[in-house]
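S.K.:
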Amino acid sequence: MKLELHNIIIDEVDFGDQTKIEGQKLWINKEEMIAELEKVPDVAKVTIDLARPGEKVRIVPVKDVIEPRWREERFNHYPGVTGDLGQVGDGVTKVMKNVAVVTIGDIVGFQEGVVDMWGEGAKWTPFSQTLNVVVDITPVENLEPHEHEKACRVAGLKAGEYLGKALEEMTATDIEKHEIADVKSSIETFPDLPRVAYVQMMIAQGLLHDVYIYGVDVKQILPTLINPLEELDGAVVSGNCVAACDKITTYQHQNNSVIKSLLKEHGKTINFVGSIMVPELTTLDGKFRTKDFTIKLAQTLGVDGAIVSEEGYGNPDSDLVMIAEGLEKSGIQAVLITDECSGWDGDSQPLADAKPEAKAVVSTGNVSHLVHLEPAEKILGNDKALENLAGGWDGCVSEDGTIVCELNAVIGATSEIGYHNLTVELK
13 MKLELHNIII DEVDFGDQTK IEGQKLWINK EEMIAELEKV PDVAKVTIDL
63 ARPGEKVRIV PVKDVIEPRW REERFNHYPG VTGDLGQVGD GVTKVMKNVA
113 VVTIGDIVGF QEGVVDMWGE GAKWTPFSQT LNVVVDITPV ENLEPHEHEK
163 ACRVAGLKAG EYLGKALEEM TATDIEKHEI ADVKSSIETF PDLPRVAYVQ
213 MMIAQGLLHD VYIYGVDVKQ ILPTLINPLE ELDGAVVSGN CVAACDKITT
263 YQHQNNSVIK SLLKEHGKTI NFVGSIMVPE LTTLDGKFRT KDFTIKLAQT
313 LGVDGAIVSE EGYGNPDSDL VMIAEGLEKS GIQAVLITDE CSGWDGDSQP
363 LADAKPEAKA VVSTGNVSHL VHLEPAEKIL GNDKALENLA GGWDGCVSED
413 GTIVCELNAV IGATSEIGYH NLTVELK
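Per the numbering used here, the very first residue in the sequence shown carries number 13; after that it's consecutive.
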């Protein structure tokens, strides 16, 4: 597969009488966009606001974040989710850089989050640096939680598609070119380079803890091999309310930092052979089955090493270390990427499980770290929702709007695929 990402840089966004791009400014016809989104099944009402970096704006409770895209001479929907199935990962895709659709609304599950566009809060989330088109979704009444979540998920993706149309006639000067060939061709082309696979764990626990690949809920799959370029081109979307700090939003799937880092080294220091997509199940037999199939796929690919990233923490920690154990015992070196749940003081056991083979670990931060957020001048959504989110508690929002909460509640703060602001320093 060959994928070209044509990055169109946007540095301003505002409302106007037509949705279009002029220079580096995005104009949005708000009324037209609202009318399109209110056609989504089970959506009763939509409002749209803008939030720009540096503005004293707080966005909460955030459900998902999506980057607007336009596929050249191909279909422009999320296959199996907002439209019919079709192959992605090959061709030219235009990308609206610096712009993000951020969806909010009534709480579906307690694990949604907050984005502050300024101050202390802005340091902890990458989405304080994007020009955010905030879509507040009100579904019809009396929906079941999973129906509520679906309406919000589809409306957010449709918002990204709507804005993406403005890219159709644009020409990019910043172009990323990526190619991942079939395994046989890769080995023939790079015979002396170590073969590396990316093992990407994904929440698959039901109760609004789901991810979708080509529209398939990953609870329903065995570990599956895909070309990494498919994920960058929209094959994977978030449909979960896992803890906000390490929820992998659709935007982060579209810009998966692990994949992009491996692509930079592909053909130079490594032979990046593919992504193994791994569901994180709750049952013990499910975990053993998933571990066994992951190891079998890695062995079938003949890889020398694997990068293994987690989504969430607690229960999935067992999957993470079981996979590490299996890979290492098979002679495959494993490097793990995970965050830590180490308590407010940072002294608690970071993972819920441990194995001696889980010895090469990259930490993306402590989800329990306390942050102090100053009052906002404008709130998009409802700041009191924080009291019902993971990382918040009754009384964490003061009457003057000051907030004390854990990183748990901040969208993307400890992303385990690396798309976040934290770093690790070895001392």
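Note that the Cβ used here is the ideal one computed from N, Cα and C, for glycine as well.
To the nearest angstrom, report how far apart residue 262 and residue 370 are at their CA atoms.
M.R.: When rounded, the distance between both Cα atoms is 28 Å.
S.K.: In angstroms with no decimal places, state the Cα-to-Cα distance between residue 314 and residue 189.
M.R.: Approximately 26 Å, taken between the alpha carbons.
S.K.: What does residue 350 pair with, by DSSP beta-bridge criteria?
M.R.: According to DSSP, which records beta bridges pairwise, residue 350 is partnered with 375.
S.K.: Return the CA-CA distance between residue 132 and residue 44, expressed in angstroms with no decimal places.
M.R.: Cα to Cα, the separation comes out at about 35 Å.
S.K.: Along the beta strand (DSSP E) that carries residue 269, what are the first and last residues, could you check?
M.R.: Run containing residue 269: none in the beta strand (DSSP E); it sits in the alpha helix (DSSP H), 269 to 277.
S.K.: Can you give me the Cβ contacts of residue 312 inside the same chain, cut-off strictly under 8 Å, excluding the 5 residues immediately before and after it?
M.R.: Same-chain partners within the cutoff: there are none.
S.K.: Residue 263 lies in the alpha helix (DSSP H); which residues open and close that run?
M.R.: From DSSP, the alpha helix (DSSP H) with residue 263 extends over 262 to 266.
S.K.: Just to check my reading of the structure: residue 56 and residue 256 have Cβ atoms closer than 8 Å, yes? What is that Cβ distance to the nearest angstrom?
M.R.: Between residue 256 and residue 56 the Cβ distance is about 25 Å, and since that is not below 8 Å, they are no contact.
S.K.: With the cut-off set at 8 Å, would you say residue 277 and residue 428 are in Cβ contact?
M.R.: Their beta carbons are not under 8 Å apart, which means residue 277 does not touch residue 428 by this criterion.
S.K.: Look at residue 25 and residue 62 and say whether their C-beta atoms are less than 8 Å apart.
M.R.: Result yes, Cβ atoms of residue 25 and residue 62 sit closer than 8 Å.
S.K.: Below 8 Å, can you find three or more Cβ-Cβ pairs linking the stretch 233 to 249 to the stretch 86 to 101?
M.R.: Cβ pair count under 8 Å is three or more, so yes.
S.K.: For the beta strand (DSSP E) that contains residue 327, what are its first and last residues?
M.R.: Note, residue 327: premise wrong, no beta strand (DSSP E); alpha helix (DSSP H) at 327 to 341.
S.K.: Within the stretch 212 to 237, note down every full beta strand (DSSP E) run reaching 3 residues or more, in order along the chain.
M.R.: DSSP runs (the beta strand (DSSP E)) wholly in the stretch 212 to 237: 223 to 225.
S.K.: For residue 296, which residues does DSSP report across the bridge?
M.R.: Answer is none; residue 296 lacks a bridge partner.
S.K.: With residue 71 as the anchor, note down where its alpha helix (DSSP H) starts and where it stops.
M.R.: No alpha helix (DSSP H) holds residue 71; the beta strand (DSSP E) holding it covers 69 to 78.
S.K.: Name the DSSP beta bridge partners of residue 210, please?
M.R.: In DSSP, residue 210 forms a bridge with 287, 319.
S.K.: DSSP state of residue 388, grouped into three classes?
M.R.: In the structure shown, residue 388 sits in coil (DSSP, three-state: anything other than H, G, I, E or B).
S.K.: With a threshold of 7 Å on Cβ separation, who are the neighbours of residue 41 within its own chain once the five nearest residues in sequence on each side are excluded?
M.R.: Within the same chain, residue 41 has close Cβ partners 28, 29, 30, 31.
S.K.: Do you know offhand how far residue 409's Cα is from residue 140's?
M.R.: Distance between the alpha carbons of residue 409 and residue 140: 20 Å.
S.K.: Return helix, strand or coil for residue 183, following the three-state DSSP convention.
M.R.: Coil.
S.K.: Contact between the stretch 363 to 379 and the stretch 215 to 235: three or more CB pairs below 8 Å?
M.R.: Contact between the stretch 363 to 379 and the stretch 215 to 235 is absent, because fewer than three Cβ pairs lie under 8 Å.
S.K.: Can you look up residue 195 in the DSSP assignment and give me helix, strand or coil?
M.R.: Residue 195: helix per DSSP, three-state reduction.
S.K.: Over what stretch of residues does the beta strand (DSSP E) that includes residue 112 continue unbroken?
M.R.: Unbroken beta strand (DSSP E) run through residue 112: 111 to 117.
S.K.: Looking at residue 202: is its Cβ nearer than 8 Å to the Cβ of residue 121?
M.R.: No. Outside cutoff.
S.K.: Hey, quick one: how far does the beta strand (DSSP E) through residue 20 stretch, first residue to last?
M.R.: Residue 20 -> beta strand (DSSP E) spans 14 to 21.
S.K.: On the CB-based measure, 16 or more other CB atoms within 10 Å of its CB, does residue 157 come out buried or exposed?
M.R.: Exposed is the call here.
S.K.: If you count every other CB in all the chains shown that lies within 10 Å of the CB of residue 287, and 16 or more means buried, which is it?
M.R.: Label assigned to residue 287: buried.
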